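Numbering (my numbering), first residue to last: 584 to 865.
Ideal Cβ positions, reconstructed from N, Cα and C, are used throughout, including at glycine.
None of these values were measured; they are calculated from a predicted model.
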């Protein structure tokens, strides 16, 4: 089965599970007595917070939203922390939970791309990106592989670069500064993000990360460039309901179904993600 077909089947399976859950017994659309606890990738902070806010307006359901590197979120669930829903920046971490019987098989909730960011004076473009990255004087910021899917995607990008410039992968992996998305990152001062902080201290020149933003408007302080087709990476974001039974279980399915709805997908798209469900306008 093709990859995208498999994901569509899984998304349909989640929808059917939801319908079965909401039609069983005395299930209603009433909110649960306690907030739904959502573990989600940090890159979803803006988008998922906005989606949850809309769901609260419609249903009264409250949320406890916990954001962080998806690999670390997965480990916290494996170690027994309570959560109702898991939204990951890849499919691997939620599938790992599903394989252990801790979550439903993941479905694709959104897609993302990888971009590069730098200060305007750096004069970064899609065309000169690989040359600038390979410049020995240029310092590159990435997330931490395994702990944060953003780092895994950066390493995939480096592997693609090697097919264009033999030896590029080893060079880029060696010079990449894994300063975010790990378990022991240095603290960033309040009010700044990692790129702002590290560029202001001349520690990095280019950041490799998601094209999406935690805000609906781009940061004018930085230039964002897309990868050339030869380096393009598509990130599938996976969504799973944790299999812990209880009063919140059906509400978690309802919220998962809402995330996949066109209304929520339109909100997600405002933050730079590629939605997986849209309504055609005629």
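Rounded straight-line distance, which links the Cα of residue 703 to that of residue 666: 41 Å
Length of the line joining the Cα atoms of residue 812 and residue 710: 11 Å
Identified DSSP bridge partners for residue 690: 822
Reference residue 792; option with closest CA among 774, 621, 728 and 637: 728
Contact set for residue 860: own chain, Cβ-Cβ below 6 Å, skip 5 residues either direction: 843, 845 and 848
C-beta atoms of residue 839 and residue 619 nearer than 7 Å: no
Contacts around residue 686, its chain only, beta-carbon distance under 7 Å, and the 5 residues preceding and following it disregarded: 669, 677, 680, 823, 824, 825 and 826
Coarse secondary structure for residue 616, derived from DSSP in three states: coil
Run of the alpha helix (DSSP H) containing residue 755, from where it starts to where it stops: 751-758
Whole alpha helix (DSSP H) elements within the stretch 772-827, 4-residue minimum: 777-783
Where residue 636 falls: helix, strand or coil (DSSP): helix
Local Cβ density within 10 Å of residue 782, reported as buried at 16 or more and exposed below that: buried
Cross-strand partners of residue 647 (DSSP beta bridge): 620
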